[in-house]
Amino acid sequence: DADTELNITLYNKETKKWRSRLARVAWTRRTADKKGYLTGIEYLQQDDKAGAEDDDYSPSEIVFADVEFLLDTKILKYLPKHAVWPLLNCLIAVDIKSGEKLMSQGEKGDFMFIIHEGNCVVTIDKDGSLITLSRLGPGDVVGEMGVVTGEPRTADVEAESDMKLWKMSKKQFEMVA
Numbered sequence: 002d003a004d005t006e007l008n009i010t011l012y013n014k015e016t017k018k019w020r021s022r023l024a025r026v027a028w029t030r031r032t033a034d035k036k037g038y039l040t041g042i043e044y045l046q047q048d049d050k051a052g053a054e055d056d057d058y059s060p061s062e063i064v065f066a067d068v069e070f071l072l073d074t075k076i077l078k079y080l081p082k083h084a085v086w087p088l089l090n091c092l093i094a095v096d097i098k099s100g101e102k103l104m105s106q107g108e109k110g111d112f113m114f115i116i117h118e119g120n121c122v123v124t125i126d127k128d129g130s131l132i133t134l135s136r137l138g139p140g141d142v143v144g145e146m147g148v149v150t151g152e153p154r155t156a157d158v159e160a161e162s163d164m165k166l167w168k169m170s171k172k173q174f175e176m177v178a
């Protein structure tokens with residue numbers, strides 16, 4: 002809505018720094034196809050130090066580092082630009098301890114993970130023998146086939162170390178897709 006105040010934070014790839022400015026919505030208008038909105042933004046802060054670097058903003062550097070990591074993953078690099086931010090808005094940070102199972106063979110495939118930190122092993126039980134299919138680490142995606150097809154998991158996935166993951170449900174994935 003008009004007059005809503007915003008904190009707009011932009012990343013400068015050249016300086017590798019974030020910059021934030023207080024702004025407000027000046028106007029909004031529906032797009033011709035009625036599928037979205039155009040919005041005019043008015044900055045509320047004056048830029049009295051043009052080019053000054055002490056303007057850099059980092060109240061939540063961890064969040065920005067997470068966004069930088071995610072934007073650099075293969076899955077996000079191959080998405081159409083209009084789908085990136087909706088997908089990022091659906092991800093939930095999850096911590097898993099070493100030895101915990103992320104997924105079990107045969108269970109419903111109703112979520113997927115992007116691995117941020119740590120490693121896991123993908124195994125199947127074939128006639129009572131445990132067979133290692135792969136090891137996954139930072140930037141890899143696990144569980145995406147179950148989310149896409151809705152089929153039961155075909156393998157177990159267990160954390161080999163403490164892990165930080167980004168989780169997305171099947172429902173959220175379908176909404177973004």
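Per the numbering used here, the very first residue in the sequence shown carries number 2; after that it's consecutive.
Even glycine gets a Cβ: it sits at the ideal position worked out from N, Cα and C.
Asked	Found
Would MET164 be called buried (16 or more neighbouring beta carbons within 10 Å of its own) or exposed?	buried
So, using beta-carbon positions, are CYS91 and MET146 closer together than 7 Å?	no
Which ranges does the alpha helix (DSSP H) cover as unbroken runs of at least 4 residues, wholly within the segment 60-92, from first to last along the chain?	62-72, 75-78, 82-89
Using DSSP with H/G/I as helix, E/B as strand and the rest coil, what is GLU43?	strand
Going by beta carbon distance, what residues of the same chain come within less than 8 Å of ARG136, once the five residues before and after it are set aside?	ASN120, CYS121, VAL122, VAL123, GLU161
Bridge partners of ARG31, per DSSP?	TYR38
GLU15 by DSSP, collapsed to three states: which one?	coil
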